[in-house]
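Trainee:
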Amino acid sequence: MRIHLPTVLALTLLFSSTSALAAPKGDLWDRWLAHDPQSTVTVDHMPWARFLKANIVRGADGVNRLPYATISAADRAALEGYLARLAEVPVGKLNQTEQRAFWINLYNALTVSVILEHYPVKSILDIDISPGFFSDGPWGKKLVSVEGVKVSLDDIEHRILRPIWKDPRIHYAVNCASIGCPNLQAQAFTSENADDLLSQAAREHVNHPRGARVEDEKLVVSSIYRWFAADFGGNDRAVIAHLKQYAEPRLRGRLERLNRISSHGYDWALNEVR
Numbered sequence: 589m590r591i592h593l594p595t596v597l598a599l600t601l602l603f604s605s606t607s608a609l610a611a612p613k614g615d616l617w618d619r620w621l622a623h624d625p626q627s628t629v630t631v632d633h634m635p636w637a638r639f640l641k642a643n644i645v646r647g648a649d650g651v652n653r654l655p656y657a658t659i660s661a662a663d664r665a666a667l668e669g670y671l672a673r674l675a676e677v678p679v680g681k682l683n684q685t686e687q688r689a690f691w692i693n694l695y696n697a698l699t700v701s702v703i704l705e706h707y708p709v710k711s712i713l714d715i716d717i718s719p720g721f722f723s724d725g726p727w728g729k730k731l732v733s734v735e736g737v738k739v740s741l742d743d744i745e746h747r748i749l750r751p752i753w754k755d756p757r758i759h760y761a762v763n764c765a766s767i768g769c770p771n772l773q774a775q776a777f778t779s780e781n782a783d784d785l786l787s788q789a790a791r792e793h794v795n796h797p798r799g800a801r802v803e804d805e806k807l808v809v810s811s812i813y814r815w816f817a818a819d820f821g822g823n824d825r826a827v828i829a830h831l832k833q834y835a836e837p838r839l840r841g842r843l844e845r846l847n848r849i850s851s852h853g854y855d856w857a858l859n860e861v862r
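To convert, note that position 65 of the sequence shown is 653 in the working numbering; the numbers rise steadily by one, no gaps.
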């Protein structure tokens, strides 16, 4: 079912303004807990790294965008080849650090692939391929098989990454192809760089106006901090403490005087180079 976009946005704003429960809860899929702590096997993410280097455009506004309309046939083929190879990886035989990079890159590469498949669209919300009468967007559709098991974007984010690693920085790593989302990073995640890249992504988003800003002594934040409040400590004070952890001095000083969030918002427009 395709729902008119303004209606979707209105409903999104309604639900997100009243409850963080509008977003999926972390619900562990324990099938993916299997790992080998002693493993030294690594996954080759260079095709994804090359795709990102060739195509991400850093805007003057600090938002990373992709030129979906002009991405070359060769880059699209390389992306699909990379996804096909990820589907063959024996994930359960990797150590957990390698697994974390695997799932983050798979999520982001799948999202870009879905956008390219359905382009032109104004928003990822226009891609109504998820099962369910009232479902919206592509997140619920099983898009790839890993170790012979079909998984969706929702599975990767809410049943694997969030509940296994319990790290709020995951929200800064997975990208939903929207202006309001934390940036799609310009490099692939690896077991070596993931921790530093997660913290870099957190600082980048927290210090951008779409992450957190203070207007007339009132704190306005990304709706991520409402939808997933439990991941950031469960209440306004905890979210603010999280923000201060990554805030630059000027923002941190303003946050010191605040103990509540006044409002939140999110821009679902496609992160497209126009």
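We put the beta carbon where it would ideally sit given N, CA and C, even for glycine.
For the beta strand (DSSP E) that Val732 lies in, which residues bound it at each end?
Mentor: Residues 730-734.
Trainee: Unbroken beta strand (DSSP E) runs of length 3 or more, entirely within the segment 731-804: which are they?
Mentor: 737-740, 800-803, all fully within the segment 731-804.
Trainee: In the DSSP assignment, what residue or residues form a beta bridge with His852?
Mentor: Looking at the DSSP assignment, His852 forms a beta bridge with Val809.
Trainee: If Tyr760 and Ala790 are in contact, beta carbons under 8 angstroms, what's the gap, nearest whole angstrom?
Mentor: With 8 angstroms as the limit, Tyr760 and Ala790 qualify as a contact, their Cβ atoms being about 5 angstroms apart.
Trainee: Could you give the first and the last residue of the continuous alpha helix (DSSP H) run that contains Lys613?
Mentor: No alpha helix (DSSP H) contains Lys613, which DSSP labels as neither H nor E.
Trainee: Less than 8 angstroms between C-beta atoms, sequence neighbours within five positions excluded: which residues of the same chain meet that for Asp872?
Mentor: With the chain covering only 589 through 862, there is no way to say anything about residue 872.
Trainee: Throw me the rounded Cβ distance for the Leu785 and Leu731 pair, which I believe falls under 8 angstroms.
Mentor: With 8 angstroms as the limit, Leu785 and Leu731 do not qualify as a contact, their Cβ atoms being about 24 angstroms apart.
Trainee: Considering only residues of the same chain and omitting the five flanking positions on each side of Ala666, which have a CB-CB separation below 8 angstroms?
Mentor: Counting only Cβ-Cβ distances below 8 angstroms, and skipping sequence neighbours, we find Pro635, Arg638, Phe639.
Trainee: Please work out which residues of its chain come closer than 7 angstroms, Cβ to Cβ, to Ile717, disregarding the five sequence neighbours upstream and downstream, and give them in chain order.
Mentor: Here the set comprises Pro726, Lys729.
Trainee: Tell me which residue opens and which closes the alpha helix (DSSP H) that Gly669 is part of.
Mentor: Where Gly669 is concerned, the enclosing alpha helix (DSSP H) stretches over 661-674.
Trainee: Have a look at the DSSP bridge pairing and note the partners of Glu860.
Mentor: According to DSSP, Glu860 bridges with Leu654.
Trainee: For a quick check, are the C-beta atoms of Ala689 and Ala782 less than 8 angstroms apart?
Mentor: Yes; because the gap between Cβ atoms is below 8 angstroms, this pair is in contact.
Trainee: Let me know the secondary structure DSSP gives Ser701 once reduced to three states.
Mentor: In this structure, Ser701 counts as helix in the three-state DSSP scheme.
Trainee: With DSSP run on the structure shown, which of helix, strand or coil describes Val709?
Mentor: Val709 falls in the coil class under three-state DSSP.
Trainee: Keeping to the same chain, check which residues put their C-beta closer than 7 angstroms to that of Ala611; ignore five residues upstream and five downstream.
Mentor: Here the set comprises Trp815, Phe816.
Trainee: Could you tell me the alpha carbon to alpha carbon distance between Ala662 and Tyr695, rounded to whole angstroms?
Mentor: Approximately 21 angstroms, taken between the alpha carbons.
Trainee: Quick check: what's the CA-CA separation for Leu704 versus Ile715?
Mentor: Cα to Cα, Leu704 sits roughly 11 angstroms from Ile715.
Trainee: Applying the 10 Å Cβ sphere with the 16-neighbour rule, what's the burial state of Arg590?
Mentor: With a pLDDT of 33 at Arg590, under the threshold of 50, the modelled position of that residue is not reliable, and the figure given next carries that caveat. Flag for Arg590 reads exposed.
Trainee: Helix, strand or coil: which one does DSSP assign to Arg840?
Mentor: Arg840 falls in the helix class under three-state DSSP.
Trainee: Here's a check: name, in chain order, each residue in its chain whose Cβ is nearer than 6 angstroms to the Cβ of Arg848, leaving out the five neighbours to either side.
Mentor: Only Asp824 meet the Cβ criterion.
Trainee: Quick check: what's the CA-CA separation for Pro751 versus Val734?
Mentor: Using only the alpha carbons, I get a separation of about 18 angstroms.
Trainee: May I ask you to verify whether the segment 823-842 touches the segment 798-807, counting CB pairs closer than 8 angstroms and requiring at least 3?
Mentor: The segment 823-842 vs the segment 798-807: in contact.
Trainee: Indicate the three-state DSSP secondary structure (helix, strand or coil) for Val677 in the structure shown.
Mentor: Looking at Val677 - three-state DSSP - the assignment turns out to be coil, as it is neither helix nor strand.
Trainee: Give me the DSSP bridge partner(s) of Val645.
Mentor: According to DSSP, Val645 bridges with Arg653.
Trainee: Take Leu671 and list the residues in its own chain whose beta-carbon comes closer than 7 angstroms to its own, dropping the five residues that flank it on each side.
Mentor: Result list for Leu671: Ala697, Leu698, Ser701, Val732, in chain order.
Trainee: Nearest by alpha-carbon distance to Arg757: which of Val827, Ser787, Ser766 is it?
Mentor: Nearest C-alpha to Arg757: Ser787.
Trainee: Between the alpha carbons of Asp755 and Glu780, how many angstroms are there, rounded?
Mentor: Spanning the two alpha carbons is a distance of roughly 17 angstroms.
Trainee: Am I right that Asn771 and Ala835 are in contact with their C-beta atoms under 8 angstroms? What's the rounded C-beta distance?
Mentor: So it is not a contact: roughly 17 angstroms between Cβ atoms.
Trainee: Count the other CB atoms within 10 Å of the CB of Thr778; is the residue buried (16 or more) or exposed (fewer)?
Mentor: With 16 or more other Cβ atoms within 10 Å, it is buried.
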